[in-house]
Amino acid sequence: MGIEDKASEREDSEPSREVDHTVSTCGETQTQEETGVNLRSTDVNEPTEGSNLLDSHEKKPQETPTESSRLQRLRRTFACPPHGLLGRIVTNVTMVVLLWAVGWSITGSECLPRGNLFGIMILFYCAVLGGKLMGLITFPTLPPLPPLLGMLLAGFLIRNIAVISDNVQIKHKWSSSLRSIALSIILVRAGLGLDSKALKKLKGVCVRLSMGPCLMEASTSALLAHFLLGLPWQWGFILGFVLGAVSPAVVVPSMLLLQEGGYGVDKGVPTLLMAAGSFDDILAITGFNTCLGMAFSTGSTIFNVLRGVLEMVTGVAAGSLLGFFVQYFPSSDQGSLAWQRAVLVWGLSVLAVFSSVYFGFPGSGGLCTLVMAFLAGIGWKSKKAEVGKIIAVAWDIFQPLLFGLIGAEVSIASLRPETVGLCVATLGIAVLVRIMTTFLMVCFAGFNIKEKIFISFAWLPKATVQAAIGSVALDTARSHGEKQLEEYGMDVLTVAFLAILITAPIGSLLIGLLGPRLLQKAEHQDKDEVQGETSVHV
1 MGIEDKASER EDSEPSREVD HTVSTCGETQ TQEETGVNLR STDVNEPTEG
51 SNLLDSHEKK PQETPTESSR LQRLRRTFAC PPHGLLGRIV TNVTMVVLLW
101 AVGWSITGSE CLPRGNLFGI MILFYCAVLG GKLMGLITFP TLPPLPPLLG
151 MLLAGFLIRN IAVISDNVQI KHKWSSSLRS IALSIILVRA GLGLDSKALK
201 KLKGVCVRLS MGPCLMEAST SALLAHFLLG LPWQWGFILG FVLGAVSPAV
251 VVPSMLLLQE GGYGVDKGVP TLLMAAGSFD DILAITGFNT CLGMAFSTGS
301 TIFNVLRGVL EMVTGVAAGS LLGFFVQYFP SSDQGSLAWQ RAVLVWGLSV
351 LAVFSSVYFG FPGSGGLCTL VMAFLAGIGW KSKKAEVGKI IAVAWDIFQP
401 LLFGLIGAEV SIASLRPETV GLCVATLGIA VLVRIMTTFL MVCFAGFNIK
451 EKIFISFAWL PKATVQAAIG SVALDTARSH GEKQLEEYGM DVLTVAFLAI
501 LITAPIGSLL IGLLGPRLLQ KAEHQDKDEV QGETSVHV
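Residue numbers are given in UniProt numbering: position 172 of the sequence shown equals residue 172, and the series is strictly consecutive.
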């Protein structure tokens, strides 16, 4: 059979396709009356009379795409075995119960109500849940509220609800140790986050913004604490440096949102605030550790001052030695280099924090960790970002514990109304002085009046450092067993708690409200440049 015969066979066997083609191609010359065919009737959703398709549709109505997708989601959700959201819920609940069961099988009563492990588990899960719920509270065009606020409130509720507090109990020794570990993580992250290039680029304005507001707020708080709260001068400055630090946990995410929108990028406002935040925290922690060593030392005032200087020198020297050590060990030819470096630097930081207290030099441990992490980051160069990510995972675990434990330390029954009022007054006046000082520090730096106002209010939030060092003085006082010192430490912790509770949400909302209104939006912004700045300062 020839090719022409095969072609004629195919034409004879497919007459309907030829008719359809004729109708579709001749539509320009023939009207619907001439062809006798309504073109809309050829739609698959409208079958002709007598066709099999019509019979099938009469038996089973066609589902719309929306109904079909909804049914598919329901089938996936309630599939057997479970998948999707239900599967994740079952898995997470099983993991939680399994963790408790393993702990109970090993420790026995410690994982039962009123046991330490039981209390830590309940506090941790409640703090995580509180952070998740706080993250769900959103406002249009505003950054979300910081999850750490929900963690703080979760711990506060656990302590002050009688039925729960009777069964969720954590010994002071355990609580203090967990907070000290969290502090070591914060110090390592602060040291690794220091950027010497950014400091050289921003020069004088970064130094002024880091030092001026912190020192002025610390001095003002010390003065008010001495005359309003009746604290000794050493304890007044301890309180002052607790309040003097700004919170990167609140400022950095808010600045990144503004930077992505192009607000203040031309003048480098987000970069300035994110870079200066680390130096501000380091200054506050260093001042706190120095004053803490002086407050718990015996002897004359001159001896205490010399002791504080000795602690600073000891911390810097030990941190320098350890920093140069971790630059070269583990060597760069070893496997899993980032993990080894992270474990080594974190382990040394925990050792420095705990051993400094044991040997009677509590102020040197934190400074040693900061110097060590900073020098290690210089030696690791671009590789320090990988170590920072691993340390950040550890922070994700200890952050709920830290803020939950801080909230659980504050009992409504032990607070006197006059004390709370004086603490709020001290906090309010100190923050006002900080805002005015910040405005003065950014003068003559090329910013207009609106940008100066924004920077002044953006330098307000307090959270992370207050939670980390706010309870250290109380823990040290408890270790000495002096009732009067414990009362001083409780006043410091109360002010730190109120500072987080008040300034963290207000500062976050002020940044979101004032940023688009006071900062100039960049018309043409290089996305690669923004991503580069973000990777440096996070």
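Here a beta-carbon is modelled for each residue, glycine too, at the ideal position from N, C-alpha and C.
About 18 Å separates the beta carbons of A473 and F403, which is beyond the 8 Å limit, so they are not a contact pair. Between L351 and the set G335, L322, V102, A190, the nearest pair of CA atoms involves L322.
8 Å or more divides the Cβ of L405 from the Cβ of K450. Counting of Cβ neighbours within 10 angstroms places P248 among the buried residues, the total reaching 16 or more.
Beta bridge pairing from DSSP links Y263 with K521. Each residue's CA atom was taken as its position, placing E311 and G363 some 6 Å apart. DSSP places P213 in the helix class (H, G or I) of the three-state scheme. With a minimum length of 4 residues, the unbroken runs of alpha helix (DSSP H) contained wholly in the region 147-211 fall at 147-160, 162-167, 172-193.
The DSSP assignment places complete alpha helix (DSSP H) segments of no fewer than 4 residues inside the region 451-530 at 464-469, 472-480, 483-518, in order along the chain. Two segments are said to touch when three or more pairs of C-beta atoms, one from each, lie closer than 8 Å; by this definition the region 219-229 does not touch the region 473-486. With a beta-carbon spacing of about 5 Å, K521 and G262 fall inside the 8 Å limit used to define contacts. Note on R70: under 16 other CB atoms within 10 angstroms of its CB, so exposed under the neighbour-count rule. With fewer than 16 neighbouring CB atoms inside 10 Å of its own CB, N448 falls in the exposed class. A contact between stretches requires three or more CB pairs, one per stretch, nearer than 8 Å, and the region 168-185 meets this requirement with the region 105-122. Secondary structure at D333: coil, using DSSP grouped into helix, strand and coil. Rounded to whole angstroms, the separation of the alpha carbons of N92 and I453 is 46 Å. In the three-state scheme derived from DSSP, where H, G and I count as helix and E and B as strand, L258 is classed as helix. For L351, the secondary structure class from DSSP, reduced to helix, strand or coil, is helix.
Excluding sequence positions up to five before and after F237, its CB lies within less than 6 Å of the CB of A222, C291, all in the same chain and listed in chain order. If you compare the alpha carbons of T426, P516, G135, V251 with that of A499, the shortest gap goes to T426.
In the three-state reduction of the DSSP assignment, T138 falls in the coil class. When DSSP states are grouped into helix, strand and coil, H83 belongs to the coil group. The shortest C-alpha to C-alpha distance from A445 to any of M121, C206, P516 is the one to C206.
Residue range 417-441 is occupied by the alpha helix (DSSP H) that includes P417. Distance check between V188 and each of I120, G365, S332 places G365 closest, using alpha-carbon atoms only.
Only residues of its own chain outside the window of five on either side were considered, and among them L152, G155, F156 have a CB closer than 6 Å to the CB of G407, listed in chain order.
The C-alpha of S210 is placed about 10 Å away from the C-alpha of G204.
Look at the beta carbons and you see the region 426-443 not touching the region 117-132: under three pairs across the two are nearer than 8 Å.
With respect to the 8 Å criterion, P146 and V246 are not classified as neighbours on the basis of their beta carbons. Within the same chain, and ignoring the five residues on either side of L344 in sequence, the residues whose Cβ sits closer than 8 Å to its Cβ are V326, F329, P330. Taking 8 Å as the cut-off, the Cβ atoms of L258 and C214 do not count as close. The three-state reading of DSSP puts P144 in coil, since its state is none of H, G, I, E or B. The beta carbons of G191 and T369 sit closer together than 8 Å. Pairing A430 with T138 gives a Cβ-Cβ distance that is not under 8 Å.
Nearest to S165 by alpha-carbon distance, out of L149, S177, I120, K132, is I120.
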